[in-house]
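Report on one structure; see the data block that follows.
In this note's numbering, the protein residues as written are 49 to 448.
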């Protein structure tokens, strides 16, 4: 026998949603209140969560993904601060109201770490670039922006927002919205088989998708498919290998073309300078210490040729030695009320330095191959033809 399910769609930074949640529990008298939370976020709301160690962050080396997570959380918090509502207040209200009435609580959302990993790894390289650009613009413009959250909950506005996100990042929308719709539907269907009255408190953006799955349970993908680890696209490794191969081929072409050791030496000098200067500049742009910038300058030429290491890792290590981030930094990051306040937290500075130093090194590689031929005053077609022809003649001459 299937129990009765009622869904309340909320906005995570809406005072009105808090009132709607309390009213729904009062009126519906459910046997269980299902909230759009996983155990980790439930622990955060109940202030029972343990912060990860600083060492864990540094050893994970996924600095850009961590930075995106922190900035997304900051943007949501800023909207809540502007509206006078703590993000997730409606979930907290649902938990408190259920506990005060002795009603069971169901945590029906997917593990946040699985969601974030699947989200980041599902993005294409260009989607990641667009995401980083959009976050930067959002952080820069949020102070002067007025947001009507209640209007965003209206179906037409919500549909438009969801469709816009799908255009912006179809892979990201699948991981953040569609997969979670299915996961939420799985858990809600399970609760209705065990309880007579289930009240679900979900973000308004999930309501339509969850209802579609519940109305057609045959369309639900297997739960294992929604929780399995996504293999990261090896674009970084492929890019790194391609860079190494191209650079070696360039040096060989120069060496056998007869342009002279001076031009060959200049090609090497430019490789060191372009990577080093951009890595150092981006490190300083993140307000990194000069020693961190100097470290990035010194290693960037080499890390650009090795797909298994990155310049930002070394800059981050030096920055961490100087800034000495502490476990309390996690709390300070998630409680910061402005970006400038967040920038004062040592751990945030370390992660930002690592991410921007890596970006500077990558940009250095792109610019080097775009401009090295005109800078050296060499026709690439002639260089390649003549260089590889001479190299082939030299090789065949050895074996003849």
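Beta carbons: idealized from backbone N, C-alpha and C, even for Gly.
Three-state secondary structure assigned by DSSP to residue 150: coil
Work out the CA separation of residue 277 and residue 162 for me, nearest whole Å. 7 angstroms
Tell me whether the segment 393-404 and the segment 106-116 touch, counting them as touching only if at least three CB pairs, one residue from each stretch, are closer than 8 angstroms. yes
Sub-8 angstroms separation of residue 265 and residue 248 beta-carbons: no
Hey, how far is the Cα of residue 181 from the Cα of residue 425? 34 angstroms
Neighbour flag for residue 348 against chain D, beta carbons, 8 angstroms: Included in the structure is just one protein chain, with no chain D present.
Would a C-beta distance cut-off of 8 angstroms place residue 310 and residue 274 closer than the cut-off? no
Which class does residue 344 belong to by DSSP, given the choice of helix, strand or coil? helix
Local Cβ density within 10 Å of residue 229, reported as buried at 16 or more and exposed below that: buried
Start and end residues, alpha helix (DSSP H) containing residue 82: From DSSP, residue 82 is part of no alpha helix (DSSP H) but of the beta strand (DSSP E) over 80-83.
Since residue 348 and residue 327 should fall inside the 8 angstroms C-beta cutoff, what is the C-beta to C-beta distance between them, to a whole number of angstroms? 4 angstroms
Which residue's Cα is closest to the Cα of residue 71: 80, 436, 89 and 142? 142
Three-way DSSP call (helix, strand, coil) for residue 289 in this model: helix
Boundaries of the alpha helix (DSSP H) in which residue 7 is found, first to last residue: In the structure displayed, the chain extends from 49 to 448; residue 7 sits before or after that span and is not available.
Residues bridged to residue 102 by DSSP? In the DSSP output, where bridge partners are listed per residue, residue 102 has none listed.
For residue 330, which residues from the same chain have a beta carbon less than 7 angstroms from its beta carbon, with the 5 sequence-adjacent residues on both sides left out? 404, 405, 407 and 408
Between residue 63 and residue 295, what straight-line distance do the alpha-carbon atoms span, to the nearest angstrom? 57 angstroms
Contact between the segment 313-326 and the segment 416-432: three or more CB pairs below 8 angstroms? yes
Nearest-angstrom Cα distance between residue 168 and residue 444? 48 angstroms
Hey, could you find the ends of the alpha helix (DSSP H) residue 424 is sitting in? 394-424
Thinking just about the alpha-carbon of each residue, which of 220, 307, 241 and 218 is nearest to the one in residue 52? 241
Check each candidate in 291, 438, 84 and 171 and name the one with the smallest Cα separation from residue 233. 84
What did DSSP end up calling residue 158 once you bin it into helix, strand or coil? coil
Thinking just about the alpha-carbon of each residue, which of 171, 320 and 184 is nearest to the one in residue 218? 171
At which residues does the beta strand (DSSP E) containing residue 57 begin and terminate? 52-58
Take residue 261 and list the residues in its own chain whose beta-carbon comes closer than 7 angstroms to its own, dropping the five residues that flank it on each side. 229, 230, 233, 267 and 268
Which residue comes first and which comes last in the alpha helix (DSSP H) that contains residue 376? 376-383
By Cβ distance below 7 angstroms, which residues in the same chain neighbour residue 380 in space, the five residues on each side in sequence not counted? 393
Keeping to the same chain, check which residues put their C-beta closer than 6 angstroms to that of residue 90; ignore five residues upstream and five downstream. 155
Is residue 105 near residue 395, with beta carbons less than 8 angstroms apart? yes
Beta-carbon proximity of residue 73 to residue 146, cut-off 8 angstroms: yes
Could you tell me the alpha carbon to alpha carbon distance between residue 308 and residue 301, rounded to whole angstroms? 11 angstroms
Have a look at residue 153 and residue 391 and give me their C-alpha separation to the nearest angstrom. 37 angstroms
Closest Cα partner of residue 58 within the set 118, 139 and 103: 139
Give me the Cα-Cα distance between residue 383 and residue 418, rounded to the nearest whole angstrom. 43 angstroms
Closest by CA to residue 357, which one among 367, 288 and 120? 288
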